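Student: Before I ask anything, here is the structure I am working with.
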Amino acid sequence: MPLDLVTIPCLKDNYAFLIHDSASGATAVVDVPDAAPILAALQTRGWRLTDILITHHHDDHIAGVPALRDATGAKVWGAAADAHRLPPLDHALTEGDSVTIGAETGTVIDVSGHTMGHIAFHFPGSGLAFTADSLMAAGCGRLFEGTPDTMWASLSKLAALPPETLICSGHEYTASNIRFALSLEPGNPALISRASQVALAREDVRPTVPSTLSEELATNPFLRAALPELKAAVGMANASDAETFAEIRRRKDRF
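1 is the number of the first residue of the sequence shown in UniProt numbering; add one for each residue after it.
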């Protein structure tokens with residue numbers, strides 16, 4: 001049975017995610033911007049939290065970890081490379097390591113770029129990837145610590161996952177990301193359609209995440225940097241994929 005997924009809005013525009021194995025009762029949360037909404041979601045469903053999975057060290061992803069761990073006794077998993085700036089870890093992870101939640105085993109992917117030591121969690125049996133601020137809905141995170149080459153390599157790993165994978169990213173930035181994407185590809189029919197869908201979702205105060213990887217490949221300019229049409233759109237027809245990505249990221253930073 002696939003893991004149950006619950007998307008939990010936190011703070012102003014963050015998301016945490018619960019994953020639950022109904023057979024064993026094991027339940028994990030990915031990132032903890034704030035403990036209170038996660039505890040409320042657990043109580044509503046009668047679930048017991050067993051594990052806390054951390055993607056990276058920014059406060060809006062870890063601030064609630066101490067309170068949540070104290071309230072639940074859950075074990076904390078995070079990147080070994082980031083351990084010096086994360087809450088104390090029970091399990092320190094590197095790329096390729098496994099994380100088991102009930103009957104399902106996930107794989108750790110190094111997606112450094114937004115920060116160094118940023119990791120993602122891929123649960124292939126359930127078709128879920130928790131990418132936080134690396135690959136985002138119609139965008140990607142700012143490069144606070146990594147280089148464009150590093151981020152492009154990270155995004156390329158995620159782009160190679162099965163296209164039906166649900167990309168569970170960390171923020172409600174989709175509408176602004178799509179406005180930028182349209183500035184590059186105003187005639188992209190998939191992007192035009194997605195813009196309409198996102199506008200309707202936000203009018204109803206519904207989350208626009210998760211999204212499918214196939215949707216991201218069709219509409220997310222940061223995943224499309226290798227395509228001739230995107231290279232042409234930013235005047236980089238003869239540039240490398242990483243150079244084109246860097247130009248797109250620079251434009252987004254100024255948008």
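All residues carry an ideal CB built from backbone N, CA and C; glycine is no exception. All values reported here derive from a predicted model rather than from experimental measurement.
Please state whether DSSP places L182 in a helix, a strand or coil.
Tutor: One-based indexing of the sequence shown puts residue 182 at position 182. In the structure shown, L182 sits in a helix (DSSP, three-state: H, G or I).
Student: Near A233, which residues of its chain fall below 8 Å by C-beta distance, leaving aside the five closest residues on each side in sequence?
Tutor: On the sequence shown, position 233 is the one that residue 233 refers to. The residues are L184, E185.
Student: What do you get for L155, buried or exposed, if any count of 16 or more other CB atoms within 10 angstroms of its CB means buried?
Tutor: Taking the sequence shown and counting its residues from 1, one reaches residue 155 at position 155. The residue is buried, with at least 16 neighbouring Cβ atoms inside 10 Å.
Student: In the DSSP assignment, find the unbroken beta strand (DSSP E) run with F130 in it and report its ends.
Tutor: Against the sequence shown, residue 130 aligns to sequence position 130. Element bounds for F130: 128-132.
Student: Can you confirm whether P228, when its beta carbon is compared against all beta carbons of chain C, has any partner nearer than 8 Å?
Tutor: This model lacks chain C altogether, as it is built from one protein chain only.
Student: Alpha carbon to alpha carbon, what distance is there between G96 and T105?
Tutor: The residue you call residue 105 lines up with position 105 of the sequence shown. The residue you call residue 96 lines up with position 96 of the sequence shown. Rounded to whole angstroms, T105 to G96 spans 12 Å at the Cα level.
Student: Where does R48 land, buried or exposed, given buried means 16+ other C-beta within 10 angstroms?
Tutor: Against the sequence shown, residue 48 aligns to sequence position 48. Label assigned to R48: exposed.
Student: Quick one: residues in its chain with C-beta nearer than 8 Å to the C-beta of H61, no 5 flanking neighbours on either side, listed in chain order?
Tutor: Sequence index remark: in the sequence shown, residue 61 carries index 61 (1-based). So the list reads N14, D31, V32, P33, I54, T55, A132, D133, G170, once near-sequence residues are dropped.
Student: Have a look at L217, A160, R45 and flag the residue whose alpha-carbon is nearest the alpha-carbon of L18.
Tutor: As a first step, residue 18 must be located in the sequence shown, where it is residue number 18. Ranking L217, A160, R45 by Cα distance to L18 puts R45 first.
Student: Using a 10 Å radius around the Cβ and a threshold of 16 neighbouring Cβ atoms, would you call S176 buried or exposed?
Tutor: Along the sequence shown, read from residue 1 onward, the residue named residue 176 stands at position 176. Label assigned to S176: exposed.
Student: I'd like to know if the region 60-74 and the region 111-118 are in contact, where contact means that at least 3 CB-CB pairs between them fall below 8 Å.
Tutor: No, the region 60-74 is not in contact with the region 111-118.
Student: Mind checking whether G102 and A23 have CB atoms under 8 Å apart?
Tutor: Counting from 1 along the sequence shown, the entry for residue 102 is found at position 102. Counting from 1 along the sequence shown, the entry for residue 23 is found at position 23. Yes.
Student: Over the uninterrupted beta strand (DSSP E) stretch that includes T107, give me the two end residues.
Tutor: As a position in the sequence shown, residue 107 is number 107, starting the count at 1. 104-110 is the extent of the beta strand (DSSP E) around T107.
Student: Counting only runs of 3+ residues fully inside the UniProt domain "Metallo-beta-lactamase" (13-171), write out the beta strand (DSSP E) ranges in chain order.
Tutor: Entirely contained in the UniProt domain "Metallo-beta-lactamase" (13-171), the beta strand (DSSP E) runs reaching 3 residues are, in chain order, 14-20, 27-30, 51-53, 75-79, 91-93, 98-101, 104-110, 119-123, 128-132, 166-169.
Student: DSSP three-state label for D217, please.
Tutor: Along the sequence shown, one-based indexing puts residue 217 at 217. As written in the sequence, residue 217 is Leu, which differs from the Asp given in the question. Note: L217 maps to helix in three-state DSSP.
Student: Three or more C-beta pairs under 8 Å: does that hold for the region 144-153 against the region 233-252?
Tutor: Judged by Cβ distances under 8 Å, the region 144-153 makes contact with the region 233-252, as three or more pairs qualify.
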